[in-house]
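Visitor:
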Amino acid sequence: MTPLQEPTFLVLAALAGEPLYGYGIIQAVTELSEGRVELRAGTLYPALDRLTADGLVEAAREEIVDGRLRRYYRLTDAGADRLAADVERQRRNAETAAARLAARTAQSSTRRRAGRAAPALNPGA
Amino acid sequence: MRPDEELERRYRNLLRAYPRGYREHRGEEMLATLMETARPGQTRPDRQDVAEILRSGLRERLGMHCAPGLVAGVTIAGPVCLAVATAIAVATCAFNPGEVGFAVVAGAWVLAALAYLAVPRVLGWTIGAALIVTIGAVAVVYARLGSRDIYRPYWQNGRPMVFVGEYRVQYALTLVCGLIALLSFLTVHWRRSTMEQVAVAAGIAVAVADTLLVRAGTIDARLLWTVFVRPLPLVLLVAGVVVVAVRRTTAVLWAGLLLSVPTPLIASWGSFAPQPTRWNFVVEVYAVAPLSPFSLTGISWLAATVALGAAFVVAVIVADAHRRTMAPRDGRAALATLGALALGTVAAICGLLLADTVYHGDIALGSLATLGGPLAAAVVAPFLPARLRRAVLLLALAGVLTVSYSERLVTIVPEQIVVVVLLLVIATAELRPNPRLVGAAALGAVAVGAALNWFTQGTVWLLPTGWPQRVSLPVVGGVVIAFAVWWAPYVLIRAERFPVGALFAFAAGLLWLALHLALAGDSPRLIAVLLVCVGGVVAARLVVRWRRRAVAGTG
Chain A
1 MTPLQEPTFL
11 VLAALAGEPL
21 YGYGIIQAVT
31 ELSEGRVELR
41 AGTLYPALDR
51 LTADGLVEAA
61 REEIVDGRLR
71 RYYRLTDAGA
81 DRLAADVERQ
91 RRNAETAAAR
101 LAARTAQSST
111 RRRAGRAAPA
121 LNPGA
Chain B
1001 MRPDEELERR
1011 YRNLLRAYPR
1021 GYREHRGEEM
1031 LATLMETARP
1041 GQTRPDRQDV
1051 AEILRSGLRE
1061 RLGMHCAPGL
1071 VAGVTIAGPV
1081 CLAVATAIAV
1091 ATCAFNPGEV
1101 GFAVVAGAWV
1111 LAALAYLAVP
1121 RVLGWTIGAA
1131 LIVTIGAVAV
1141 VYARLGSRDI
1151 YRPYWQNGRP
1161 MVFVGEYRVQ
1171 YALTLVCGLI
1181 ALLSFLTVHW
1191 RRSTMEQVAV
1201 AAGIAVAVAD
1211 TLLVRAGTID
1221 ARLLWTVFVR
1231 PLPLVLLVAG
1241 VVVVAVRRTT
1251 AVLWAGLLLS
1261 VPTPLIASWG
1271 SFAPQPTRWN
1281 FVVEVYAVAP
1291 LSPFSLTGIS
1301 WLAATVALGA
1311 AFVVAVIVAD
1321 AHRRTMAPRD
1331 GRAALATLGA
1341 LALGTVAAIC
1351 GLLLADTVYH
1361 GDIALGSLAT
1371 LGGPLAAAVV
1381 APFLPARLRR
1391 AVLLLALAGV
1401 LTVSYSERLV
1411 TIVPEQIVVV
1421 VLLLVIATAE
1431 LRPNPRLVGA
1441 AALGAVAVGA
1451 ALNWFTQGTV
1461 WLLPTGWPQR
1471 VSLPVVGGVV
1481 IAFAVWWAPY
1491 VLIRAERFPV
1501 GALFAFAAGL
1511 LWLALHLALA
1521 GDSPRLIAVL
1531 LVCVGGVVAA
1541 RLVVRWRRRA
1551 VAGTG
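As they're listed, the protein sequences go chains A and B. Take the working numbering: the last position of the first sequence gets the number 125, and nothing is skipped along the way. Take the working numbering: the last position of the second sequence gets the number 1555, and nothing is skipped along the way.
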């Protein structure tokens, strides 16, 4: 399965909790991405169209607040599965990377100790 | 008026970028979101919001989201087409020293390329300006050189010639590539990654360097042609197929398809077939224009072929998109329809060509393989399981390309047409096409050919030699009838709503004829055809409106 693109991932993640309407999704995505991804109406709705077409997201209910339409969206079961699969993929990636970093830290600390004992091992020499 | 009312009015106007059906479904919701994201006291829509909405509105109107990967494909094709347009403009200028008009065109495209690399804010304007400058300059140069536009030998005394006779083909290429770039810019967000910028800049630099080397006589122009330009569609196709196999995405195929649109023009630019053959459409064009193989008639014919093919594809996509706006979205169904139409057309073209080849006693292994392979593949593909279907279609594609690109048969098959159609076939290899639809499309294609043949009393299927000269009102009627025959099975089988796209396709076909009548100086018929064109478009609009009212009345 192809990895989700970041905005798609964030929209799905935003909807993982309770159903949200347009502006709510935009706020949640900004919050989740710590301000890196700021969706606009012109990008949010095509994304919602696509996710709805793929059956990952569905309209939950509609409300009129101050004369304005709020259509709430929620994650479908297929959407939840897709998000879970991507979370699992990212988690595995992160674990692998963390393990390698840990190995590197361990190695370099031994090298530093070895380097102090034998300066001739310096690659510049 | 309060600031928020002012802003709301402006946003409402802006949302007209979307088609009505979409607006009815999404409009209020989007407006609410736009108003909520507005700053306090804001009275004008945010610049970036405007750009995003205009882009996604145009995408929606073109039905681009129906085809998986199309948006990504357009994103890839846009900058590449800009690079190609720039390279050709510079090459034409370099091959024709002393022509001020050519230098101006080259300058305009270089500016657009520089804007792409450095000043993205003005990119859209510079591409638009370059297109206008190109059209203007071609008109001015044509007024001066047009009557003396006699074909010169491509290569003389070991030196490349000044290509006076070819500038219009080159500019037709520049225009088609430029239009694709503009369309891409208007519909998708260009990413402008560093990698992409370096690739585009390198592409332009290589093309310019090649041009200068040929001009200096360092390398043979024919070599440049054979090595660089001719295999371009092949390279794109192979790259596309590989990416599809590996990444399982259709984006690169769509990019390849878009980049293949100008290839019939490239073929005419460098097609130096030793003798005219029955199936080389490009040579047919040369044959009907004794004074100038690169005449305006020839170019317009090729441009019209491309436009007509594109109009057909777009009409199908839009017809499906239209249907889908009301129903749940199903892009894959639209693509399967497109694939079925393409398969049927391939079967018809190859079947008729094969029958004719055998009838003329020209039974060579190459022609049997080139024509029989795709025919067999198109016939059996709808009945095969997905994996086998993909394999069979890929095999047929590989076969037709290998054979048609080999030296001997290169002029026998209208290769560019087969290539474009096969691209569509491969793009839909993962979807099971409806066998009845494939059959209907094949019958429709045969009917188109037969009708045209009958009305033109030609000897060659589809487009006989001398056809543009024999355009008459019966031919106009023939084209209309042929299109109706082509569309009827599609409409009947799918129980479609009224396919508005078909009417627009009629109009495109009639405009094509109008172009030829204008070239032949046949004013009365030209006026008649133009009236029919306008009438067709008006009728389409009226029917759409009437149906909407009917739907609203019952709903």
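We put the CB at the ideal spot given by N, CA and C, even for glycine.
1. Just curious, the beta strand (DSSP E) that valine 57 (chain A) is in, first and last residue?
2. What would DSSP say about proline 1231 (chain B), mapped onto helix, strand or coil?
3. Glycine 35 (chain A) touches chain B at which residues, Cβ-Cβ below 9 Å?
4. Are the Cβ atoms of alanine 1378 (chain B) and alanine 1347 (chain B) separated by less than 9 Å?
5. Quick one: measure Cβ to Cβ for alanine 1441 (chain B) and threonine 1345 (chain B), integer angstroms, because I've assumed they're closer than 8 Å.
6. Counting Cβ pairs closer than 8 Å, one from the stretch 105-112 of chain A and one from the stretch 23-35 of chain A, do we hit at least three?
7. Whole angstroms is fine: what's the gap from isoleucine 1053 (chain B)'s alpha carbon to glycine 1124 (chain B)'s?
8. Does the Cβ of arginine 1002 (chain B) have 16 or more other Cβ atoms within 10 Å, making it buried, or fewer, making it exposed?
9. Spatial neighbours of valine 1100 (chain B) within its chain, please: CB distance less than 7 Å, with the 5 preceding and 5 following residues excluded, ordered by chain position.
10. Taking buried to mean at least 16 other C-beta atoms within 10 Å of its own C-beta, is threonine 1037 (chain B) buried or exposed?
11. Using the beta-carbon count (16 or more within 10 Å), is leucine 12 (chain A) buried or exposed?
12. In the DSSP output, which residue or residues are listed as bridge partners for arginine 74 (chain A)?
13. Can you give me the start and stop residues for the alpha helix (DSSP H) that glutamine 27 (chain A) sits inside?
14. Let's see if you can read the secondary structure: which residues bound the alpha helix (DSSP H) around alanine 1112 (chain B)?
15. Alpha carbon to alpha carbon, what distance is there between isoleucine 1127 (chain B) and tyrosine 73 (chain A)?
16. Report yes if the CB atom of leucine 1183 (chain B) is closer than 9 Å to the CB atom of valine 1074 (chain B), and no otherwise.
17. From the beta carbon of glycine 79 (chain A), is the nearest beta carbon of chain B less than 9 Å away?
18. Taking 9 Å as the threshold (C-beta atoms), are leucine 1173 (chain B) and isoleucine 1076 (chain B) in contact?
19. What are the residues of the stretch 1044-1062 of chain B that lie near chain A, defined by any Cβ-Cβ distance shorter than 9 Å?
20. Do you know offhand how far leucine 1015 (chain B)'s Cα is from glycine 1027 (chain B)'s?
21. Could you give the first and the last residue of the continuous alpha helix (DSSP H) run that contains glutamine 1048 (chain B)?
22. Give me the residue from B:Arg1055, B:Leu1031, B:Thr1043 with the minimum Cα distance to alanine 1017 (chain B).
23. Mind checking threonine 1134 (chain B): buried by the 16 CB within 10 Å criterion, or exposed?
24. Once you ignore the five residues that flank alanine 1307 (chain B) on each side, which residues in its own chain have a CB closer than 6 Å to its CB?
25. What does DSSP give as the partner residue(s) for leucine 51 (chain A) in the beta ladder?
26. Could you tell me the alpha carbon to alpha carbon distance between isoleucine 1204 (chain B) and valine 1084 (chain B), rounded to whole angstroms?
27. By how many angstroms is the C-alpha of arginine 1432 (chain B) removed from the C-alpha of leucine 1371 (chain B)?
28. Using a 10 Å radius around the Cβ and a threshold of 16 neighbouring Cβ atoms, would you call valine 1198 (chain B) buried or exposed?
29. With 8 Å as the C-beta to C-beta threshold (strictly closer), list the residues of the stretch 1020-1037 of chain B near chain A in chain order.
30. In chain B, what lies closer than 7 Å to threonine 43 (chain A) by C-beta?
31. Please confirm if proline 46 (chain A) has its CB atom under 9 Å from at least one CB of chain B.
32. For chain B, is any of its Cβ atoms less than 9 Å away from the one on arginine 92 (chain A)?
33. Identify the residues that DSSP records as bridge partners of leucine 15 (chain A): which are they?
34. For glycine 1029 (chain B), does the count of other Cβ atoms within 10 angstroms reach 16, so buried, or fall short, so exposed?
35. Who are the neighbours of tyrosine 72 (chain A) on chain B, taking C-beta pairs under 8 Å?
Guide: In this structure, then:
1. Reading the first sequence from its first residue, position 57 is the one you call residue 57 (chain A). 57-65 is the extent of the beta strand (DSSP E) around valine 57 (chain A).
2. To locate residue 1231 (chain B), count along the second sequence from 1; it is residue 231. Its pLDDT being 45, under 50, proline 1231 (chain B) is placed unreliably by the model, and the measurement read from it follows with that caveat. Coil, per DSSP.
3. Stepping through the first sequence from its first residue, residue 35 (chain A) is reached at position 35. Per Cβ cutoff of 9 Å: no residues; glycine 35 (chain A) is ~15 Å from chain B at best.
4. On the second sequence, residue 1378 (chain B) is found 378 positions in, with the first residue counted as 1. On the second sequence, residue 1347 (chain B) is found 347 positions in, with the first residue counted as 1. Yes, they are a contact pair.
5. Locating residue 1441 (chain B) in the second sequence gives position 441, where the first residue counts as 1. Locating residue 1345 (chain B) in the second sequence gives position 345, where the first residue counts as 1. Yes, they are in contact, since the Cβ atoms of alanine 1441 (chain B) and threonine 1345 (chain B) sit about 6 Å apart, within 8 Å.
6. Between the stretch 105-112 of chain A and the stretch 23-35 of chain A there are fewer than three C-beta pairs closer than 8 Å, too few to call the two in contact.
7. Counted from its first residue, the second sequence places residue 1053 (chain B) at position 53. Counted from its first residue, the second sequence places residue 1124 (chain B) at position 124. The C-alpha of glycine 1124 (chain B) is placed about 16 Å away from the C-alpha of isoleucine 1053 (chain B).
8. One-based indexing of the second sequence puts residue 1002 (chain B) at position 2. With fewer than 16 other Cβ atoms within 10 Å, it is exposed.
9. The residue labelled residue 1100 (chain B) in the question sits at position 100 within the second sequence. Correct list: empty, nothing qualifies.
10. Locating residue 1037 (chain B) in the second sequence gives position 37, counting from the first residue. Buried is the call here.
11. Residue numbering aside, residue 12 (chain A) sits at position 12 when the first sequence is read from its first letter. Buried is the call here.
12. Your numbering for residue 74 (chain A) matches position 74 in the first sequence. A:Glu58.
13. In the first sequence, residue 27 (chain A) corresponds to position 27, counting from 1. Start and end: 22-32.
14. As a working note, residue 1112 (chain B) is residue 112 in the second sequence. Where alanine 1112 (chain B) is concerned, the enclosing alpha helix (DSSP H) stretches over 1100-1118.
15. For this step, residue 73 (chain A) is matched to residue 73 along the first sequence. For this step, residue 1127 (chain B) is matched to residue 127 along the second sequence. In a straight line, the C-alpha of tyrosine 73 (chain A) is about 39 Å away from that of isoleucine 1127 (chain B).
16. Residue mapping note: residue 1183 (chain B) aligns to position 183 of the second sequence, counting from 1. Residue mapping note: residue 1074 (chain B) aligns to position 74 of the second sequence, counting from 1. Yes.
17. On the first sequence, residue 79 (chain A) is found 79 positions in, with the first residue counted as 1. No, glycine 79 (chain A) does not count as interfacial toward chain B.
18. Taking the second sequence and counting its residues from 1, the one referred to as residue 1076 (chain B) is at position 76. Taking the second sequence and counting its residues from 1, the one referred to as residue 1173 (chain B) is at position 173. Not in contact: isoleucine 1076 (chain B) and leucine 1173 (chain B) (Cβ atoms no closer than 9 Å).
19. Asp1046, Gln1048, Asp1049, Val1050, Ala1051, Glu1052, Ile1053, Leu1054, Arg1055, Ser1056, Gly1057, Arg1059, Glu1060
20. Numbered from 1 along the second sequence, position 15 holds the residue referred to as residue 1015 (chain B). Numbered from 1 along the second sequence, position 27 holds the residue referred to as residue 1027 (chain B). Between leucine 1015 (chain B) and glycine 1027 (chain B), the C-alpha separation is close to 7 Å.
21. Locating residue 1048 (chain B) in the second sequence gives position 48, counting from the first residue. Residues 1047-1062.
22. As a working mapping, residue 1017 (chain B) is identified with position 17 in the second sequence. Selected option, being the one with the closest Cα: B:Arg1055.
23. As a position in the second sequence, residue 1134 (chain B) is number 134, starting the count at 1. So threonine 1134 (chain B) ends up on the buried side.
24. One-based indexing of the second sequence puts residue 1307 (chain B) at position 307. Confidence at alanine 1307 (chain B) is low in this model, with a pLDDT of 42, below 50, so the placement of that residue should be treated as unreliable; the coordinate-derived value is given next. Hits under 6 Å: none found.
25. Taking the first residue of the first sequence as 1, we reach residue 51 (chain A) at position 51. Paired residue(s): none; leucine 51 (chain A) is not in a bridge.
26. By 1-based counting over the second sequence, the position of residue 1204 (chain B) is 204. By 1-based counting over the second sequence, the position of residue 1084 (chain B) is 84. Taking the straight line joining both Cα atoms gives about 7 Å.
27. The count along the second sequence starts at 1 and reaches residue 1371 (chain B) at position 371. The count along the second sequence starts at 1 and reaches residue 1432 (chain B) at position 432. In a straight line, the C-alpha of leucine 1371 (chain B) is about 23 Å away from that of arginine 1432 (chain B).
28. Within the second sequence, numbered from 1, the residue matching residue 1198 (chain B) stands at position 198. That one is exposed.
29. Arg1026, Glu1028, Glu1029, Met1030, Leu1031, Ala1032, Thr1033, Leu1034, Met1035, Glu1036, Thr1037
30. For the purposes of this step, residue 43 (chain A) is taken as residue 43 along the first sequence, with counting starting at 1. Listed along chain B are Glu1052, each with a C-beta nearer than 7 Å to that of threonine 43 (chain A).
31. By 1-based counting over the first sequence, the position of residue 46 (chain A) is 46. It does: the Cβ of proline 46 (chain A) has a partner Cβ on chain B nearer than 9 Å.
32. Stepping through the first sequence from its first residue, residue 92 (chain A) is reached at position 92. Not one chain B Cβ lies under 9 Å of arginine 92 (chain A).
33. As a first step, residue 15 (chain A) is located in the first sequence; it is residue number 15 there, counting from the start. None; leucine 15 (chain A) has no bridge partner.
34. What you label residue 1029 (chain B) is simply residue 29 of the second sequence in a count that begins at 1. Contrary to the premise, residue 1029 (chain B) reads as glutamate rather than glycine in this sequence. With 16 or more Cβ atoms within 10 Å of its Cβ, glutamate 1029 (chain B) is classed as buried.
35. Working through the first sequence from its first residue, we reach residue 72 (chain A) at position 72. Simply none; closest approach about 10 Å.
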